[in-house]
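Asks: Have a look at this one.
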Amino acid sequence: MRTPSSSFSSLRDALEAGGIPPAGCFVGAQNRIAFGDLLRGSAIATDRENLRGRSVLIASTDPFLTALALVELDGLARRMILLPPDLALEHLPYVMSCAEVDTVVSDGSRLAGLSHGAAEHALCANSLVPRGPASHERLPTEWILLTSGTTGRPKLVLHTLASLAGAIDVSASPADVIWGTFYDIRRYGGLQIYLRAVLTRSSLLIPAPKEPLADFLTRVGAAGVTHISGTPSHWRRVLMSPEADRIAPGYIRLSGEIADQAILSSLRSFYANAKISHAFATTEAGVAFDVRDGLSGFPVSALTDTPGVELQVVDATLRVRSSRTAQRYLGENAPVLKDAEGFVNTGDVLELRDGRYHFQGRCDGVINVGGLKVHPEEVEAVLNAHPQVRLSLVKTKKNPITGALVVADVLLKTPSLPEGDQTRELHHALRQFCRESLPPHKVPSSIRFVPTIEVSETGKLVRRHA
Amino acid sequence: MSVQVVVREEVRDVFQQVAIEQGMQIAALSDDLPLLDLGLDSLCFAIIVARLESVLGVDPFSANESAPFPVTLGEFVRYYENAVQ
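Right, dumping it as structure tokens:
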């Protein structure tokens, strides 16, 4: 099923549609820029011709600048690469070569001191440079999103505006909608909200980097945000905040993690007037479906009754085929994103209970900590590099605050298990060792010293999931 | 010691412990202090809840689907006291 949004050939066309100046704006912590002004000016301080047909890395610190740059570049650049906030800069050369980046747009601070190689650099700022209307020639710009890979090196996922916007029905959007999101718009979940705002010419509140939750909630309340999205972990934090009652949304959307019944019921009772929906979406598979009945999991009927999306459960794992899935991964020897029939294997394991499917975890052992993915192999590689460690097995532990935590079983080189203070010291030392090379959510929250770790006949760790 | 005292002390201990591990200084722990004013992120709270489950044997966040989320430290302690009793 095609929705009207897929007919826009660029964000700019969407903003210009209707002929009258669009009323919406982007609202950051410090700045507000009206869509109408964005059509007459640019946040990128270079001649438009210098950007035409380029492969552009958008590397700002503040996602507000990314919001501006996307409008300027979509339909003009060959490719836009959205650098997420937590990318380890050691992976930057790989990302740039993989995506054939020839232009870097940044605020001058994010990549300060780093070489851009042969790529040209253009500054992006909150002050718009006046310029005339864009020509009508539009390129089908490729949108490149980054997701985490097994070794810590990101995977580059190729989308188009049509695939990203496939789940957005612009004709159904009521007037006076103001969007807000707790996500970073440079990741799939946040980008969905960004696109909902731009394609329906509705305002969007964008959180600043490290903006305290209390400040953002106060802004959201003052701006009268009607539609707001975040992960279940974001929402749990909201409900633990004294400022939770500053906002009065009419629509609450959860995605990026399994929404359990506790968070759905708590939101229902705290925001009694809001419609609450939880969506299943991944960067690769796109938006598959929304669940609006207030219950965790999803009804079996969603498999057959979701317009425009084909869903299959094969070996208890969800597979998705639709026009919303990504096209492919970029790069040499990139893994295959879709099978021969065009299905994306999400790797999410389902269990059928009382007529509903419930998500049980991942068949590849990937751990979802508050919406951030952790590949166990990456953490094991770090633990195994410690001089006292022979082997480690990294697993998920269910958690009511972040959905899951990373935990580890460790087999030491010493024949006997540590005791008492020794255990505590070693535990501390290993966590410290992990902290030196891993971001906090990947550091095991608890470590168990075990007498054996099971290895299969083929020499692989035996992982038990779900 | 009463259950209340044990729970309160364990909660304080675990907050302090996790704050130190994450390299953070936390404010004096008074009952009316909003949890989020402690400067701990969601990951820290997740670790605190996991540690308390291992020392107290309860996880009121998972057990209780209808109770409101605690906002202050005092409410957080009571959340655990009610679960332990």
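Chains as they are written, first to last, in our numbering: chain A, 508 to 973; chain B, 47 to 131.
Beta carbons: idealized from backbone N, C-alpha and C, even for Gly.
Across which residues does DSSP place A/ARG826 in a beta bridge pair?
Replies: For this step, residue 826 of chain A is matched to residue 319 along the first sequence. Bridge partners of A/ARG826: A/GLN819 and A/ASN852.
Asks: Measure the C-alpha to C-alpha separation of A/SER642 and A/ARG559 and round it to an integer number of angstroms.
Replies: The count along the first sequence starts at 1 and reaches residue 642 of chain A at position 135. The count along the first sequence starts at 1 and reaches residue 559 of chain A at position 52. Distance between the alpha carbons of A/SER642 and A/ARG559: 11 angstroms.
Asks: Going along the stretch 884-911 of chain A in order, which residues come within less than 8 angstroms of chain B, judged by CB to CB distance?
Replies: Those would be LYS904, LYS905, ASN906, PRO907, ILE908 and THR909, in chain order.
Asks: Along chain B, in chain order, which residues have C-beta atoms closer than 7 angstroms to that of A/ASP768?
Replies: By 1-based counting over the first sequence, the position of residue 768 of chain A is 261. According to the sequence shown, residue 768 of chain A is Gln rather than Asp. Chain B residues near A/GLN768: GLU111.
Asks: Taking Cβ positions only, does B/ARG124 come closer than 8 angstroms to chain A?
Replies: The count along the second sequence starts at 1 and reaches residue 124 of chain B at position 78. Chain A contact via Cβ: absent.
Asks: Reducing DSSP to helix, strand and coil, say where A/ARG509 ends up.
Replies: As a working note, residue 509 of chain A is residue 2 in the first sequence. Here the model assigns A/ARG509 a pLDDT of 41, short of 50, so the residue's position is not dependable, and the following value carries that caveat. Of the three classes helix, strand and coil, the one that applies to A/ARG509 here is coil, per DSSP.
Asks: Cα separation between A/SER736 and A/ILE954?
Replies: The residue labelled residue 736 of chain A in the question sits at position 229 within the first sequence. The residue labelled residue 954 of chain A in the question sits at position 447 within the first sequence. Cα to Cα, the separation comes out at about 34 angstroms.
Asks: Could you check whether the Cβ of B/SER112 sits closer than 7 angstroms to any heavy atom belonging to the ligand GDP?
Replies: Although the ligand GDP was asked about, the structure shown includes no ligands whatsoever.
Asks: For the alpha helix (DSSP H) containing B/VAL49, list its first residue and its last residue.
Replies: To locate residue 49 of chain B, count along the second sequence from 1; it is residue 3. First-last of the alpha helix (DSSP H) with B/VAL49: 49-67.
Asks: Rounded to the nearest angstrom, how far is the Cβ of B/LEU98 from that of B/GLU56, given a contact under 8 angstroms?
Replies: Position 52 of the second sequence, counted from the first residue, corresponds to residue 98 of chain B. Position 10 of the second sequence, counted from the first residue, corresponds to residue 56 of chain B. With 8 angstroms as the limit, B/LEU98 and B/GLU56 qualify as a contact, their Cβ atoms being about 7 angstroms apart.
Asks: Out of A/PRO640, A/VAL732, A/ARG726 and A/PRO958, point me to the one whose CA is closest to A/ILE685's CA.
Replies: By one-based count along the first sequence, residue 685 of chain A stands at place 178. Answer by Cα proximity: A/VAL732.
Asks: Output, in sequence order along the chain, the residues in the stretch 731-749 of chain A whose CB is closer than 7 angstroms to any CB in chain B.
Replies: Flagged, chain order: SER740, ARG743, ARG744, LEU746, MET747, SER748 and PRO749.
Asks: Considering Cα atoms alone, identify which of A/LEU545, A/ILE651, A/LEU518 and A/ALA550 is closest to A/THR832.
Replies: Indexing the first sequence from 1 puts residue 832 of chain A at position 325. Comparing Cα positions, the closest option is A/ILE651.
Asks: Checking contacts by CB at 8 angstroms: is A/ALA973 closer than that to chain B?
Replies: Start at 1 with the first residue of the first sequence, and residue 973 of chain A comes out as number 466. Any answer about A/ALA973 is weak, because its pLDDT of 42 lies below 50 and its placement is not dependable; what the coordinates show is given next. Judged by the 8 angstroms Cβ criterion, A/ALA973 is not in contact with chain B.
Asks: Within a Cβ cutoff of 6 angstroms, which residues of the same chain sit near A/LYS904, ignoring the five residues on either side of it in sequence?
Replies: Locating residue 904 of chain A in the first sequence gives position 397, where the first residue counts as 1. Closer than 6 angstroms at the Cβ level, and outside the excluded window around A/LYS904, lie LEU912 and VAL914.
Asks: So, for A/GLY801: in the same chain, excluding its five sequence neighbours on each side, which residues have a beta-carbon less than 7 angstroms away from its beta-carbon?
Replies: Residue mapping note: residue 801 of chain A aligns to position 294 of the first sequence, counting from 1. If we look at A/GLY801 and ignore the five residues flanking it on each side, its Cβ neighbours are LEU771, ARG775 and ILE783.
Asks: At least one CB of chain B closer than 8 angstroms to the CB of A/LEU711: is that the case?
Replies: As a position in the first sequence, residue 711 of chain A is number 204, starting the count at 1. No, because no Cβ of chain B sits closer than 8 angstroms to the Cβ of A/LEU711.
Asks: If contact means a Cβ-Cβ distance below 8 angstroms, which residues of the stretch 55-81 of chain B contact chain A?
Replies: So the close ones are GLU67, GLN68, PRO80 and LEU81.
Asks: Can you find the residues in the same chain that come closer than 8 angstroms, C-beta to C-beta, to A/MET508, ignoring five residues on each side of it along the sequence?
Replies: Locating residue 508 of chain A in the first sequence gives position 1, counting from the first residue. Note that A/MET508 scores a pLDDT of 41, beneath 50, so its modelled location is shaky and nothing firm can be said.
Asks: Cβ of A/ARG917 within 8 angstroms of Cβ of A/VAL873?
Replies: Position 410 of the first sequence, counted from the first residue, corresponds to residue 917 of chain A. Position 366 of the first sequence, counted from the first residue, corresponds to residue 873 of chain A. One point to set straight first is that residue 917 of chain A is Val, not Arg, in the sequence displayed. Cβ distance not < 8 angstroms, so A/VAL917 and A/VAL873 don't count as in contact.
Asks: On a Cα-Cα basis, can you pick out the residue from A/ARG638, A/ARG708, A/ALA629 and A/HIS628 that is closest to A/GLY526?
Replies: Counted from its first residue, the first sequence places residue 526 of chain A at position 19. Checked all of A/ARG638, A/ARG708, A/ALA629 and A/HIS628; the closest Cα to A/GLY526 is A/ARG708.
Asks: Within 10 Å of its beta-carbon, does A/THR510 have 16 or more other beta-carbons around it, so buried, or fewer, so exposed?
Replies: The count along the first sequence starts at 1 and reaches residue 510 of chain A at position 3. Summary for A/THR510: the model assigns pLDDT 44, below 50, so the residue's position carries little reliability, and this model does not support an answer.
Asks: Once you ignore the five residues that flank A/ASN906 on each side, which residues in its own chain have a CB closer than 6 angstroms to its CB?
Replies: For the purposes of this step, residue 906 of chain A is identified with residue 399 of the first sequence, where counting begins at 1. Once the five neighbours on either side are set aside, the close Cβ partners of A/ASN906 are LEU912.
Asks: If we require 3 or more residues per run, which beta strand (DSSP E) segments fall completely within the stretch 526-601 of chain A?
Replies: Listed in chain order, the complete beta strand (DSSP E) runs (minimum 3 residues) inside the stretch 526-601 of chain A are 532-534, 539-541, 548-551, 562-565 and 586-589.
Asks: To the nearest angstrom, report how far apart B/ARG54 and B/ASP77 are at their CA atoms.
Replies: Translated into the one-based positions of the second sequence, residue 54 of chain B becomes position 8. Translated into the one-based positions of the second sequence, residue 77 of chain B becomes position 31. Cα-Cα distance, rounded: 10 angstroms.
Asks: In whole angstroms, what separates the C-alpha of A/ASP861 from that of A/PRO528?
Replies: For the purposes of this step, residue 861 of chain A is taken as residue 354 along the first sequence, with counting starting at 1. For the purposes of this step, residue 528 of chain A is taken as residue 21 along the first sequence, with counting starting at 1. Each residue's alpha carbon lies about 51 angstroms from the other.
Asks: How about A/LEU671: is its C-beta nearer than 8 angstroms to some C-beta of chain C?
Replies: Protein chains in the displayed structure are A and B, and chain C is not among them.
Asks: Exposed or buried, A/LEU924, counting other C-beta atoms within 10 Å across all chains shown (16 or more means buried)?
Replies: By 1-based counting over the first sequence, the position of residue 924 of chain A is 417. With fewer than 16 other Cβ atoms within 10 Å, it is exposed.
Asks: In the DSSP assignment, the alpha helix (DSSP H) including A/SER953 goes from what residue to what residue?
Replies: If you number the first sequence from 1, residue 953 of chain A lands on position 446. A/SER953 -> not in any alpha helix (DSSP H); beta strand (DSSP E) instead, spanning 953-956.
Asks: What does the alpha-carbon distance come out to for the pair A/SER616 and A/CYS631?
Replies: The residue labelled residue 616 of chain A in the question sits at position 109 within the first sequence. The residue labelled residue 631 of chain A in the question sits at position 124 within the first sequence. Computed Cα separation, rounded: 11 angstroms.
Asks: Taking 8 angstroms as the CB-CB limit, is B/PRO114 close to chain A?
Replies: Translated into the one-based positions of the second sequence, residue 114 of chain B becomes position 68. Cβ-Cβ to chain A under 8 angstroms: yes for B/PRO114.
Asks: By the three-class DSSP mapping on this structure, what secondary structure does A/ARG942 have?
Replies: For this step, residue 942 of chain A is matched to residue 435 along the first sequence. In this structure, A/ARG942 counts as helix in the three-state DSSP scheme.
Asks: Using 8 angstroms as the Cβ pair cut-off and three pairs as the minimum, do the stretch 810-830 of chain A and the stretch 660-675 of chain A touch?
Replies: Touching, yes.
Asks: State the Cα-Cα distance for the pair A/SER562 and A/ARG547, rounded to the nearest angstrom.
Replies: Taking the first residue of the first sequence as position 1, residue 562 of chain A is located at position 55. Taking the first residue of the first sequence as position 1, residue 547 of chain A is located at position 40. Looking at the two C-alpha atoms, the distance is approximately 23 angstroms.
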